[in-house]
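Below is one structure, written out as structure tokens; comments come after it.
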Amino acid sequence: MNQPAQPVASTIEILRKLVSFDTTSRHPNAPLIEWIGDYLKAHGVPFTLSRGPEDGKWNLHAILGTQGAGGLAFSGHVDCVPVDGQNWSSDPFTLREQDGKLYGRGAADMKGFVAAMLAAIPRWRRQRLDKPVHLLITFDEEITCNGARYLMDDIIGRGLRPELCVVGEPTMMTPVIAHKGRLALRVNIVGRAAHSSHPEQGANAVHAMGRAIAIVADEAERFAREGLRVDGFSPPYTTMQAGLASGGAILNIVPEKASFDVEWRCVPGDKASQELARLQHFFEPFDEALRQHGPECGFFYEPLVDLPPLALSQDHPLTELVRQVTGSNQAGFVSYGTEAGIYQQAGMASIVCGPGDIAQAHKPDEWIATSQLERCDDFLQEMVRRICVLS
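Heads up: the sequence shown at position 123 corresponds to 807 in my numbering, and the numbers run straight through without jumps.
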């Protein structure tokens, strides 16, 4: 049984506690959320929980100051990627400090930012807040980002939507104002089994998959050759690929089933839904050929991830403010996705800025520099001072 959380002010101490919870996305995050809830209660901070359809997975929304809409939100997810098969030099769920680095799963992505959010609370509580400070903590960012969707449905339903949002993914404390969207789905193909000596009696699902994957490769080349260019991204165009693929059971049986995963990472301006419709149009002849063997045959589409892009203007006041507070000369673009696109779509002007390096995320011996956490501590305090504190 977890011990009750105690009021602590150190970002590193809180990070040590957060890392100790195995919140790999396949596990519930409820024990960690309960600990955070106890911490908030100890500091007199009201909060609400919301959940999705899966037991044991919770979002948390806390508000400091006026309990209302507007103001500034800081957002972080607390799920992390697995450590299975990775060669860690120490226990990934025990924070280890060495040479100015803090090692542990989720230290960079992104429990370090969440720890800094929580550590800032005692100081914020002593300030006179003219506008609310919202803390958003979500689940399942690493797999679907649906936690953020459920959270925004809850917040908007209660009339508590913040005006501005900082998502603390690891950017080395430099502002990111745009990222690509991501659409991923699984294409399940059903044919008809037969003995390989009589292939005319079956419908080969693997062959259909091969033809479909060839079209995916052609489409990927089309994007690279003539797709919409958006300067700032690397690469500056929409990308797509077929990833996981499987099918068949044994060589002397015409395979009845096959499946493959396909994803798009779209620059702002390209619509993933339109690209999906285009791909399905190309697949129609293969689909129709299989359906001649029965209504149970054909191509079937299973959505996996639908993450909108982020596009905040260079001239937006939030962009300029984060530049000033971080001392950055410019705001960047990245090709990976975050929850910021969901928040922007829900009506919050959103930017990505947080401690640590994305290059360290998801790897064995994931780490974050203590100097990055110190910069984050200062950043959070200054953002609140400039936006939410009475002058």
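Where is the CB? At the ideal position from N, CA and C, for every residue including glycine.
Predicted model, so just to flag it, every value in this text is computed and none were measured.
Unbroken alpha helix (DSSP H) run spanning residue i, endpoints
i, result
"Met-893", "889-910"
"Ala-1033", "Per DSSP, Ala-1033 belongs to no alpha helix (DSSP H); it is in the beta strand (DSSP E), 1033-1036."
"Asn-830", "830-841"
"Ile-873", "Per DSSP, Ile-873 belongs to no alpha helix (DSSP H); it is in the beta strand (DSSP E), 865-874."
"Leu-848", "Taken as a continuous stretch (DSSP letters only), Leu-848 belongs to no alpha helix (DSSP H), being part of the beta strand (DSSP E) at 848-851."
"Pro-1001", "1001-1010"
"Gly-648", "Because residue 648 is not part of the residues shown, which for the chain are 685 to 1075, the question remains open."
"Thr-695", "695-703"
"Ile-1026", "1024-1029"
Contacting residues, own chain, Cβ-Cβ under 8 Å from residue i (five flanking each side not counted)
i, result
"Asp-1061", "Thr-695, Ala-800, Ala-803, Ala-804"
"Lys-785", "Trp-1051, Ile-1052, Ala-1053, Thr-1054"
"Asn-771", "Pro-1048"
"Asn-713", "Phe-705, Thr-707, Gly-740, Lys-741, Trp-742, Val-762, Asp-763, Phe-823"
"Cys-950", "Lys-864, Gly-865, Arg-866, Leu-867, Thr-922, Ala-956, Glu-959, Pro-993"
"Tyr-834", "Ser-734, Arg-735, Gly-736, Asn-743"
"Ala-904", "Thr-923, Met-924, Gln-925"
"Arg-895", "Phe-970"
"Gln-1029", "Pro-992"
"Gly-978", "Arg-876"
8 Å contact criterion, which residue i and residue j should meet: CB distance rounded
i, j, result
"Pro-939", "Ala-973", "Not quite, the Cβ-Cβ distance comes to about 15 Å (not below 8 Å), so this is no contact."
"Pro-854", "Asp-1041", "6 Å"
"Ile-861", "Ala-1015", "4 Å"
"Gly-1025", "Leu-1002", "About 15 Å separates the two Cβ atoms, so there is no contact after all."
"Val-767", "Leu-702", "Not confirmed; about 15 Å, so no contact."
"Leu-1122", "Thr-707", "Outside the shown range of the chain, which is 685 to 1075, sits residue 1122, and nothing can be said about it."
"Tyr-1027", "Ser-774", "With 8 Å as the limit, Tyr-1027 and Ser-774 do not qualify as a contact, their Cβ atoms being about 35 Å apart."
"Thr-1022", "Val-1036", "5 Å"
"Phe-983", "Ile-821", "Their Cβ separation, rounded to whole angstroms, is 39 Å, which puts Phe-983 and Ile-821 out of contact at 8 Å."
"Gly-852", "Met-794", "6 Å"
"Gly-1128", "Thr-778", "In the structure as shown, the chain begins at 685 and stops at 1075. Residue 1128 is therefore absent and cannot be evaluated."
"Leu-1057", "Gly-796", "6 Å"
"His-727", "Arg-809", "6 Å"
Span of the beta strand (DSSP E) around residue i
i, result
"Val-1073", "Counting along the chain, Val-1073 falls outside any beta strand (DSSP E), and DSSP gives it neither H nor E."
"Lys-955", "Per DSSP, Lys-955 belongs to no beta strand (DSSP E) and is neither H nor E."
"Arg-1053", "Checking the sequence, you will find Ala at residue 1053 rather than Arg. 1051-1053 is the span of the beta strand (DSSP E), which, as asked, contains Ala-1053."
"Phe-1017", "1016-1018"
"Ile-827", "Where Ile-827 is concerned, there is no enclosing beta strand (DSSP E), given that its DSSP letter is neither H nor E."
Same chain, Cβ closer than 7 Å to residue i, five either side skipped, listed in chain order
i, result
"Ile-937", "Ala-877, His-879, Ser-880"
"Gly-1031", "Arg-845"
"Thr-828", "Val-989"
"Ile-839", "His-745, Arg-845"
"Asp-814", "Cys-1072, Val-1073, Leu-1074"
"Gly-752", "Pro-816, Leu-844"
"Val-729", "Ala-746, Leu-748, Ile-805"
"Phe-944", "Val-871, Met-893, Ile-897, Ala-926, Leu-928, Ala-929"
"Ser-1012", "Thr-858, Pro-859"
"Phe-1063", "Met-857, Val-1009, Thr-1010"
"Ala-887", "Gly-875, Arg-876, Leu-974, His-977, Cys-981"
Cβ neighbours of residue i in the same chain (closer than 6 Å, five flanking residues each side left out)
i, result
"Val-900", "Ala-926, Val-946"
"Ala-792", "Pro-854, Gly-1040, Gln-1044, Ala-1045, Glu-1050, Ile-1052"
"Arg-1059", "Met-857"
"Thr-750", "Pro-816"
"Gly-953", "Leu-912"
"Gln-976", "none"
"Ala-757", "His-818, Leu-820, Pro-846, Cys-849"
"Ala-832", "Thr-822, Glu-1023, Ile-1026"
"Glu-697", "none"
Near the ligand NAD: residue i beta-carbon under 7 Å from a heavy atom
i, result
"Met-856", "Among the components modelled here there is no ligand, and therefore nothing to report on the ligand NAD."
Neighbour flag for residue i against chain C, beta carbons, 8 Å
i, result
"Asp-971", "In the displayed structure, chain C is absent; only one protein chain is listed."
### Query
On the three-pair Cβ rule with 8 Å, is the segment 985-999 touching the segment 929-936?
no
### Query
Which residue spans inside the segment 929-996 form an unbroken beta strand (DSSP E) run of at least 3?
941-950, 982-991
### Task
Go through the segment 718-758 residue by residue and report every complete run of the beta strand (DSSP E) that reaches 3 residues or more, in order.
731-735, 742-748
### Every unbroken alpha helix (DSSP H) within the segment 761-834, with a cutoff of 4 residues, ordered by chain
796-803, 805-810
### Message
Counting beta carbon pairs with one atom in the segment 909-921 and one in the segment 957-968, are three or more of them shorter than 8 Å?
### Response
no
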